[in-house]
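Data block below; observations after.
There are 2 protein chains.
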Amino acid sequence: MKQKITLKHIARELEVSISTVSKALKNSEEISRDTKEKIQAFAKLYNYKPNNIAISLKNKRTKNIGVIIPDIVHHFFTTVFRGIEKFANTKGYNVIVCVSDESFDKEVINMEILANGSVDGFIMSLSSETQLKNDYNHLKELIEQGIPLVLFDRVTDAVECDKVLINDKDGAYRAVKKLLENGRKKIALVATEDYLSVSKNRSDGYFQALKEQNIKIDKNLILRLPSMNSVEGNEMEEFFKNEKIDAVLCVNEIYAIHGMRIAQRLGYKIPEDIEFIGFTDGILSKFSNPTLTSVAQHGEKMGEIAAEMLIEKIEIENDVETYRTEVLEPTIMERESTIN
Amino acid sequence: MKQKITLKHIARELEVSISTVSKALKNSEEISRDTKEKIQAFAKLYNYKPNNIAISLKNKRTKNIGVIIPDIVHHFFTTVFRGIEKFANTKGYNVIVCVSDESFDKEVINMEILANGSVDGFIMSLSSETQLKNDYNHLKELIEQGIPLVLFDRVTDAVECDKVLINDKDGAYRAVKKLLENGRKKIALVATEDYLSVSKNRSDGYFQALKEQNIKIDKNLILRLPSMNSVEGNEMEEFFKNEKIDAVLCVNEIYAIHGMRIAQRLGYKIPEDIEFIGFTDGILSKFSNPTLTSVAQHGEKMGEIAAEMLIEKIEIENDVETYRTEVLEPTIMERESTIN
DNA sequence: CATATTCACGAAAACGGTTTCGTGTTGATA
DNA sequence: TATCAACACGAAACCGTTTTCGTGAATATG
């Protein structure tokens, strides 16, 4: 087992000082050609690589960024992560991921652990519990300490920092408008509780599109489900039985796919009898039967932008406190579940 | 912007030495009650938290583990990652993720970067290019340096280290056996090229099950596709047109879902005319139409075990070089695409 | 009263680098 | 020959901890 070699080893072996070795390896003008060549050759031979931790301690830069997301087994978050990772890598940064599991406490703990020197900044999307509690002190403290933070997708107005999100409201608005243009009259909305910022925004878009056409909001056409990622229970089945729905906007893929299956079982033909549009243009939308028209959120792009914003803040010297909010426009991916 | 406080600050403020502060905060017996209380109160007031980097440098332990996977936008890998992250967190470890993107070079580079002090050990799944090149020197060097490594899922016999994988061959074997028991005669296999260890093992299970029933392998019943995650081109369509296939085993979900759609378009009824079984029991299997019978790989469990193995190796003092290979048994999740 | 213990704390080294500043040697210049 | 700059290198501080060892003062012991 050959141990990692350090400057000290090289210095001792070559009978020079540590500083000389350090300078020689950085090709400093201070050191003579001969000495440099000797040291560099030796270093290459023994495959010397500087210790990242020591360098981090010295320049107070870790070249790590912390990413805190509610869930990793989730197509949208992984696409964002891919964007982050790609961009970060090109800039020489590594990514430490923590999963908050939609829990406020975990979010806080993860943040505290990483904030003590492990990372140079954070990219995060709020856990649902955090949004429910509406408590953002951990984020504010971070900013107080001068640690850069970029929020994406699930953001809040309560803290001032860089943000990147998609225009959820507009996405929903355009989706509903499309359904209206297709002649649909009874457009349903399947959403989650409103404390989730994205769900609220999407609902707002739905309302606006209807209002513009002077269509009264029908509470019976709106279904609110408790959990984001599951469709346990038969609320949805009851919902589709009771109504003469001819189109549905769902705030995520799972609701839409599940809704389509129920509709099909109940004898509806998609898209002839009932049209479906979902959010989160993920793998399910592309492979479902029929394929699902879906509002694409451009996760990878979002990740790239978030990483770019963060690294810019990290590497900037002066701390002018100016924050940007980047809003991406969603794209409606038309597939078989709507008439196009 | 309040700066992070250090031992030095506390020492200066309270007019004691740094060592005294350090000891007091660790509740050392060496320090008097009075002094300890004073220091601890001060530290709490100013929210002192030790600097992780300094501690890492001191004890040569980062409490970070590096995870290198071929892709993050991939259900199986994310479930494994979740298992790793969960277990690691309970043990006080953080996880740095790098994506190799199926590229050998990226795998090597990511490894080298992290190996210089950033992590205490690695968990990884080989990139396809690495398996194709069959070059594992980067792994061997790692082990040479005494850095623990755990390989999962896509492993190799060429390097000695801890491994955790599922019995792919047996999963395929049992899947095919089930199809045979259902009376199927023309069972097709849709796989990738054989250099991917998992695809090869699954093919082997397919062969074995057929051989046991003295069924001759029919090359026309085997389709090999170039890419893991895409189904571009119409090879599959041609494949299903030309054959009198009555059952299909696919080495992943995407192939299976795509195959089912084509079969349906061609007028087959699933599962009456043709049965489908896929691998990777992911989100598609649960939500496809019909739902897909699938070989579950227990990714989360796999991740937990990998993390447990790694952390054990990290924290063990003596370096007895004894390696384990843990083999998980897959589970066949029966759904609508087969007759159960 | 002299010596041995205990107590409470500080000095300093160490982890592995970077960087500033000082210094002895060389050759050029006056 | 005395002076000076350039050259090539080393000493030491520093980043923020931990930990060993030493030490002065207070107390206990003979």
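Heads up: the protein sequence lines correspond to chains A and B, in order.
Each residue of the first sequence is one higher than the one before, starting from 1 at the first, in the UniProt record's numbering.
Each residue of the second sequence is one higher than the one before, starting from 1 at the first, in the UniProt record's numbering.
For each residue, glycine too, the CB sits at the ideal point set by N, CA and C.
These numbers come from a predicted model, not from an experiment.
Distance between residue j and residue i (C-alpha atoms, nearest Å)
| i | j | result |
| --- | --- | --- |
| SER203/B | LEU142/B | 32 Å |
| PRO271/A | GLY282/B | 26 Å |
| GLY92/B | GLN3/A | 26 Å |
| SER294/B | GLY267/B | 22 Å |
| PRO148/B | TYR323/B | 10 Å |
| ASP246/B | VAL248/A | 37 Å |
| GLY259/B | LEU126/A | 38 Å |
| PHE240/A | ILE187/A | 12 Å |
| ASN47/A | ASP105/A | 43 Å |
| THR291/B | GLU193/A | 28 Å |
| THR90/B | LEU139/A | 23 Å |
| GLU235/B | GLU235/A | 42 Å |
| LEU284/B | ARG261/A | 14 Å |
| LYS244/B | ARG184/B | 11 Å |
| LYS38/B | VAL320/B | 46 Å |
| ASP135/B | LEU196/B | 14 Å |
| ASP168/B | SER199/B | 8 Å |
| ALA88/A | ILE72/B | 15 Å |
| ILE166/B | GLN40/B | 50 Å |
| LYS286/A | GLU237/B | 18 Å |
| ARG57/B | GLU315/B | The sequence given here places Leu at residue 57/B; Arg does not occur at that position. Each residue's alpha carbon lies about 17 Å from the other. |
| GLU15/A | ALA54/B | 29 Å |
| THR6/A | GLU29/A | 22 Å |
| ASP34/A | LYS44/A | 15 Å |
| GLN145/A | MET1/B | 5 Å |
| ALA191/A | VAL159/A | 26 Å |
| SER227/A | TYR255/B | 30 Å |
| ASP157/B | LEU328/B | 17 Å |
| GLY233/A | VAL108/A | 32 Å |
Those residues which DSSP pairs with residue i across a bridge
| i | result |
| --- | --- |
| residue 358/A | Here chain A covers residues 1 to 340 and nothing more, so residue 358/A does not appear. |
| GLU253/B | BP columns for GLU253/B are empty, so no partner. |
| ASP64/B | Reading off the sequence shown, one finds Asn at residue 64/B, where the question assumed Asp. ASN64/B is bridged to ASN94/B. |
| ILE109/B | In the DSSP output, where bridge partners are listed per residue, ILE109/B has none listed. |
| ILE166/B | LEU328/B |
| ARG224/B | ALA191/B |
| VAL198/B | Note: VAL198/B sits in no beta bridge, so no partner. |
| LEU149/B | PHE122/B |
| MET260/A | Bridge partners of MET260/A: none, in fact. |
| VAL248/B | ALA188/B and PHE276/B |
| VAL99/A | ILE69/A |
| MET333/A | SER294/A |
Cβ shell of residue i (< 6 Å), same chain only, five flanking positions each side left out
| i | result |
| --- | --- |
| VAL80/A | GLY299, MET302 and GLY303 |
| THR325/B | LYS163 |
| ILE222/B | LEU189 |
| LYS36/A | ALA24 |
| ASN182/A | ILE339 |
| ASN252/A | PHE279 and THR280 |
| ASN94/A | ASN64 |
| ILE257/A | LEU284 and SER288 |
| residue 342/A | Nothing can be reported for residue 342/A: it is not among the residues displayed for chain A, which extend from 1 to 340. |
| GLU336/B | PRO290 and THR291 |
| LYS133/A | PHE104 |
Contact set for residue i: own chain, Cβ-Cβ below 7 Å, skip 5 residues either direction
| i | result |
| --- | --- |
| LYS110/B | First, the residue type needs correcting, since residue 110/B is Asn and not Lys in the sequence shown. If we look at ASN110/B and ignore the five residues flanking it on each side, its Cβ neighbours are ILE68, CYS98 and SER100. |
| ALA296/A | ASP281, PRO330, THR331 and MET333 |
| VAL119/B | THR62, ASN64, ILE65, GLY66 and ILE96 |
| ARG82/A | GLU300 and GLY303 |
| SER32/B | none |
Own chain, CB closer than 8 Å to residue i, minus 5 neighbours either side, in chain order
| i | result |
| --- | --- |
| ALA11/B | SER17, ILE18, THR20 and VAL21 |
| PRO70/A | PHE77, VAL99, SER100, ASP101, GLU102, SER125, LEU126, SER127, SER128 and ARG154 |
| ILE84/B | ILE65, VAL67, VAL95, ILE123, GLY303, GLU304, ALA306 and ALA307 |
| ASP218/A | LYS186 |
| ILE274/B | ILE245, ASP246, ALA247, VAL248, ALA263 and TYR268 |
_Any alpha helix (DSSP H) of 4 or more consecutive residues that is wholly inside the stretch 289 to 316 of chain A_ = Listed in chain order, they are 299 to 315.
*With contact counted as at least three CB pairs below 8 Å, one residue from each stretch, are the stretch 14 to 24 of chain B and the stretch 304 to 311 of chain A in contact?*
With the cut-off at 8 Å, the stretch 14 to 24 of chain B and the stretch 304 to 311 of chain A do not touch.
*With a floor of 3 residues, list each beta strand (DSSP E) that falls wholly inside the UniProt domain "HTH lacI-type" (5 to 59) of chain A, ordered by position along the chain.*
Entirely contained in the UniProt domain "HTH lacI-type" (5 to 59) of chain A, not one beta strand (DSSP E) run reaches 3 residues.
*Taking contact to mean at least 3 C-beta pairs separated by less than 8 Å, is the stretch 111 to 129 of chain A in contact with the stretch 57 to 76 of chain A?*
Verdict: yes, contact present.
*Report yes or no: do the stretch 170 to 184 of chain A and the stretch 203 to 213 of chain A share at least 3 C-beta pairs separated by less than 8 Å?*
The stretch 170 to 184 of chain A, when compared against the stretch 203 to 213 of chain A, does touch it at the 8 Å Cβ threshold.
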